[in-house]
Structure formats: C-alpha cells, structure tokens
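> Dropping a structure here in structure tokens format, bear with me for questions.
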Amino acid sequence: MQRLPTIGSKLPAVGTTIFTVMSRLAAEHDAINLSQGFPGFDCSPRLQEQVVKYLRGGYNQYAPMPGVPALREVLGRKTADLYGVAYDPDTGITITSGATEALFAAITAVVRPGDEVILFEPAYDSYAPAVELNGGVPVYVTLTPPEYAVDWAQVAGRITDKTRLMVVNTPHNPTGRVWTQDDLDRLAALVRDRDIMLVADEVYEHITFDGRPHISLMTHPTLRERTFVCGSFGKTFHITGWKVGYCLAPPELTVEFRKVHQFLTFSTITPVQHALADYLREPEHYLSLPAFYERKRNLFLESIGASRFRFAPTQGTFFQNVSYADITDGSDYELAIRLTKEIGVASIPVSVFYHGQNDYRILRFCFAKDDDILKRAGERLSKL
Ligand SMILES: Cc1ncc(COP(=O)(O)O)c(C=O)c1O
10 MQRLPTIGSK LPAVGTTIFT VMSRLAAEHD AINLSQGFPG FDCSPRLQEQ
60 VVKYLRGGYN QYAPMPGVPA LREVLGRKTA DLYGVAYDPD TGITITSGAT
110 EALFAAITAV VRPGDEVILF EPAYDSYAPA VELNGGVPVY VTLTPPEYAV
160 DWAQVAGRIT DKTRLMVVNT PHNPTGRVWT QDDLDRLAAL VRDRDIMLVA
210 DEVYEHITFD GRPHISLMTH PTLRERTFVC GSFGKTFHIT GWKVGYCLAP
260 PELTVEFRKV HQFLTFSTIT PVQHALADYL REPEHYLSLP AFYERKRNLF
310 LESIGASRFR FAPTQGTFFQ NVSYADITDG SDYELAIRLT KEIGVASIPV
360 SVFYHGQNDY RILRFCFAKD DDILKRAGER LSKL
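Here the numbering used here is used: the first residue of the sequence shown is 10, the next is one more, and so on.
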C-alpha cells in the first residue's frame, strides 16, 4: 500500500478568517453587513467603459512584467505632484495584483529565515503569514485604544540585532489612525543607523479626514531610501474586486522586488491597467475622496450619536472603531455575533487583529456603504 504524504501546515494558526465568518452570519440572518472592508456601491461607469474599450480593443495578452508603461508613467506623475517625490517608472514603479501581492513580494524580497519583523498590532491580517512563510518571526508592538498612538519606547525595546523589517500602515486598518510627521521622524531616528528595511502599506492614502494630511513614508528622505511603499487602486476607485495595486521603491529595492513579483504573478490584468492609466489622469477622481468619505463617517456617527457606544471620530480609512465598554463586559467576538443575530448589524471584533488575548472591547464598523444603509444600521445600534 502506498503511503500518503502528510502536508504539515506551514501556517498552523491560520483558519477561516473573521471576515468570512461574519459575512456568512450576516447573510444567514439578513443583517446589514458593516463587517467586510469594501464599498457597498459601484465604481464609476466611465472607468467601466474604459475597461470595456480596452477589452474589446485587443488588450488581452500579458502586460509587461513591471506593468503597463502608461500606468507607471501617470502614477509617477501623480506621486511627484502629490508628494513631491520622483520615482522613475522604469526603475521604481511596479504594478501588482493588488496591494496584497505588493506586500507579499516586498516582505519576501527582504525576509530570510530567523529575521525578526516588527508589526504594529492590531495588524492587517496578511502581514504575519507573509513573514512566517519566509521563515521570519513577527515581533509585535501594541497600539492601544482609544488613541492607538505609537509608543516609541516600546518600538525601541523591540529592536534587536535580528530586526530586519518593520511594516507600517498609515492610514491604519483597523483603527483609522493616521501617522504624524513626528511619528515619521521618530521612526527615522530608530532605523537611521540600522540595517532595517520598511514596508509602508498606504492603501488608504486618499482617505483622511478633518483636513489631516496623509504623510507618506516616501516624503521622509531617511525613510524613502529603505521603504517599499505599497498602494492599491481598489480602495481609491471602489474596485476592490479588480485587485490592482503597486509598489514604489528606490531602484535597488525595485530590482529585488521585481524578482519576486516576476515569479509570483509575472504581470497584472492588462485591460484594467490601460483603463486605470486613463482614469488616473484626472486628479479629482482621488482628490474628492476625503470629502466623500468624511460625509459618510459623519452620517454614521450621527446615527449612533445617541447610542451607548463610545468613540472618537476616525482619522482616516473607511472604518470606525467604537467601544462597547458601557454596554457589556462580554468579549467583542460574542457581541459581534449577538449584534448580527439579534439586531441585524454585522461588525468585526477588533481583538482578532491582535496575536494574543486582550480585553479592549472594541468593534469595527465599515462605513463605505450607501447612506440609507448607514442610517438603518445606526437606528438598530442605538436601540442597544
Ligand atoms: C491595510 C490594508 N492593506 C492591504 C489591503 C489589500 O489591498 P488589495 O485589495 O489591493 O490587495 C487591504 C484591504 O483590505 C487593507 O485594508
């Protein structure tokens, strides 16, 4: 009898994600789904027409490995105009299949077995598995509510001779925290004389509120030279299902990044890249985003204003965290399930974004939804 090989999981701790669990529960109970982080409305018909144009125009074979030149060029111009930093489309800009691919390729390009990687938690769920699949060891810095400010003494204490990479996410999912110039300066002071690289996840770069600027890591000279800046068109143009992102990095880093990208996906969907190149030429398509989402944030906050939830208005992203400490002592997971089943509103328990246990009692709601849905969710949450 043949002996069957055993696979032995490389990611034993990874199971069904909370997003799948909550979305399934929301569907079963016909609940309003404010759990998963994607827009509940469609993208621009013009952008759709552009894709159809290129699809019908014969742009259906492999794109160049680094991305369609027109898209890299317009992205380079946009980055120079907005942040005053010039990345050469040929040596510093790579189009990827979503920011997820960019993050994985950047982490893979840097991390070797035994390397330590500093992650700020609550952390977006793709970072730690990418580190672990490369034999790296995640080392966590904890951000605590309600401010979620970085404790720089804690960061300094986590750095060892083995620290090789830090993953920064601003504006931050799930907390909405936006890093300040002071945060960037303190990070620069810590990494300046060390062999530490940086991955900056800036997929929410265009979603900041109350006049607060997004300060990209690329704007800091000390940080720029060691940073892979990862972005996504999904969040900016309401096209999360298209999975198109990018990585901006200095030439030496881009060479190594592309070696991984080349064998991970090789290239990214061709007609969509051409369509995005056209669409990105008009800045109002992304510059209008802060006002668009700030109105939705305010609408959602007004609708839960009389509830027993406590919150500080989120600084960026399309997520609002709320404390339920005045409502129950139970776990956030139990409450998220209960709210979905009993009052018909699905959320995400924020404890899942930490590697260990905690009792912060925070739920995350996504407000990238139509106004009437946000109002109805608010009415239900206010009855609690
Ligand atoms: C912080 C963060 N990074 C990366 C991603 C993934 O982006 P993409 O859909 O372009 O792969 C997301 C999506 O939710 C996110 O919230």
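Idealized CB from N, CA, C, for every residue including glycine.
Just so we're clear, the structure is a prediction, and the values are computed from it rather than from any experiment.
Please determine, among Met10, Glu125 and Gly185, the residue with the shortest C-alpha to C-alpha distance to Ile205.
Taking the sequence shown and counting its residues from 1, the one referred to as residue 205 is at position 196. Ile205 has its Cα closest to that of Glu125, out of Met10, Glu125 and Gly185.
> Counting beta carbon pairs with one atom in the segment 258 to 269 and one in the segment 126 to 136, are three or more of them shorter than 8 Å?
In short, these stretches do not touch, since the Cβ pair count stays below three.
> Would you check whether ligand 1 has a heavy atom nearer than 8 Å to the C-beta of Asp39?
The count along the sequence shown starts at 1 and reaches residue 39 at position 30. False, no ligand heavy atom lies under 8 Å from that Cβ.
> Counting only the same chain and skipping the five closest in sequence on each side, list residues whose C-beta sits under 7 Å from that of Leu232.
By one-based count along the sequence shown, residue 232 stands at place 223. Result list for Leu232: Leu193, Leu196, Ala197, Leu207 and Leu226, in chain order.
> Helix, strand or coil, according to DSSP, for Asp210 in the structure here?
In the sequence shown, counting from the first residue as 1, residue 210 sits at position 201. Strand, per DSSP.
> Any idea which residues DSSP pairs Ala355 with across the strands?
If you number the sequence shown from 1, residue 355 lands on position 346. Paired residue(s): Asn42.
> Spatial neighbours of Tyr288 within its chain, please: C-beta separation below 8 Å, excluding the five flanking residues on both sides.
On the sequence shown, position 279 is the one that residue 288 refers to. Same-chain partners within the cutoff: Ser53, Arg55, Leu56, Gln59, Phe246 and His294.
> Can you give me the Cβ contacts of Asn69 inside the same chain, cut-off strictly under 7 Å, excluding the 5 residues immediately before and after it?
Taking the sequence shown and counting its residues from 1, one reaches residue 69 at position 60. Within the same chain, Asn69 has close Cβ partners Thr279 and Pro280.
> Under 7 Å Cβ to Cβ from Val354, same chain only, skipping five residues before and after it: list those, please.
The residue given as residue 354 occupies position 345 in the sequence shown. Here the set comprises Ala40, Ile41, Leu43, Leu348, Ala386, Arg389 and Leu390.
> So, helix, strand or coil for Thr231, using DSSP?
Indexing the sequence shown from 1 puts residue 231 at position 222. In this structure, Thr231 counts as helix in the three-state DSSP scheme.
> Whole beta strand (DSSP E) runs in the segment 297 to 346 with 3 or more residues, listed along the chain?
DSSP runs (the beta strand (DSSP E)) wholly in the segment 297 to 346: 328 to 332.
> Val252 to Thr228, Cα distance in whole Å?
Along the sequence shown, one-based indexing puts residue 252 at 243. Along the sequence shown, one-based indexing puts residue 228 at 219. The sequence given here places Lys at residue 252; Val does not occur at that position. Cα to Cα, Lys252 sits roughly 26 Å from Thr228.
> Between the alpha carbons of Leu34 and Leu308, how many angstroms are there, rounded?
Counting from 1 along the sequence shown, the entry for residue 34 is found at position 25. Counting from 1 along the sequence shown, the entry for residue 308 is found at position 299. Leu34 and Leu308: Cα-Cα distance of roughly 25 Å.
> Report yes if the CB atom of Leu199 is closer than 9 Å to the CB atom of Val120, and no otherwise.
Within the sequence shown, the letter at position 190 stands for residue 199. Within the sequence shown, the letter at position 111 stands for residue 120. No.
> Assuming Thr189 contacts Ile216 under a Cβ cut-off of 8 Å, what Cβ separation, rounded to an integer in Å, is found between them?
On the sequence shown, position 180 is the one that residue 189 refers to. On the sequence shown, position 207 is the one that residue 216 refers to. 17 Å between Cβ atoms; not a contact.
> If you drop the 5 nearest sequence neighbours on each side, which residues of the same chain put their C-beta closer than 8 Å to that of Pro284?
For the purposes of this step, residue 284 is taken as residue 275 along the sequence shown, with counting starting at 1. Looking at the sequence provided, one finds Ala at residue 284 rather than Pro. Hits under 8 Å: Leu56, Gln59, Val60, Lys62 and Tyr63.
> Within the structure, which residues are defined as neighbours of ligand 1 by a Cβ-heavy atom distance below 6 Å, reported in chain order?
Counting every residue whose Cβ lies closer than 6 Å to a heavy atom of ligand 1, we get Gly46, Gly107, Ala108, Thr109, Tyr133, Asn178, Asn182, Asp210, Val212, Ser241, Gly243, Thr249, Lys252 and Gly254.
> Pull up the CB-CB distance for Arg373 and Pro183, whole angstroms please, since I reckon it's below 8 Å.
One-based indexing of the sequence shown puts residue 373 at position 364. One-based indexing of the sequence shown puts residue 183 at position 174. The Cβ separation is near 5 Å, so the contact holds.
> Under three-state DSSP, which class holds Arg167?
The sequence position of residue 167 within the sequence shown is 158, counting from 1. If DSSP states are grouped into helix, strand and coil, Arg167 belongs with the helices.
> Apply the 10 Å Cβ neighbour rule to Pro394 and answer buried if 16 or more other Cβ atoms are within range, or exposed otherwise.
No answer is possible for residue 394: it lies beyond the span of the chain, which begins at 10 and ends at 393.
> To the nearest angstrom, report how far apart Asn367 and Phe47 are at their CA atoms.
Looking up residue 367 in the sequence shown gives position 358. Looking up residue 47 in the sequence shown gives position 38. Taking the straight line joining both Cα atoms gives about 26 Å.
> Is it buried or exposed, Ser297, if we count other Cβ atoms within 10 angstroms and call 16 or more buried?
The sequence position of residue 297 within the sequence shown is 288, counting from 1. With fewer than 16 Cβ atoms within 10 Å of its Cβ, Ser297 is classed as exposed.
> I believe Arg290 touches Val83 by the beta-carbon criterion, under 8 Å. Please report the beta-carbon distance rounded to the nearest angstrom.
Working through the sequence shown from its first residue, we reach residue 290 at position 281. Working through the sequence shown from its first residue, we reach residue 83 at position 74. Yes, they are in contact, since the Cβ atoms of Arg290 and Val83 sit about 6 Å apart, within 8 Å.
> Give me, in chain order, the residues of the same chain whose beta-carbon lies closer than 7 Å to that of Val361; leave out the 5 immediate sequence neighbours on both sides.
As a working mapping, residue 361 is identified with position 352 in the sequence shown. Hits under 7 Å: Ile27.
> Quick check on the DSSP output: the alpha helix (DSSP H) that includes Glu388 runs from which residue to which?
Taking the sequence shown and counting its residues from 1, one reaches residue 388 at position 379. Note, Glu388: alpha helix (DSSP H), Asp380 to Ser391.
> Under 8 Å by Cβ, that's how I've got Thr105 and Gly254 pegged, so tell me the actual separation to the nearest angstrom.
Here residue 105 refers to the residue found at position 96 of the sequence shown. Here residue 254 refers to the residue found at position 245 of the sequence shown. Yes, they are in contact, since the Cβ atoms of Thr105 and Gly254 sit about 5 Å apart, within 8 Å.
> Taking Thr117 as part of the alpha helix (DSSP H), name the residues at either end of that continuous run.
Looking up residue 117 in the sequence shown gives position 108. Looking at the DSSP string, the run of the alpha helix (DSSP H) that includes Thr117 is Gly107 to Val119.
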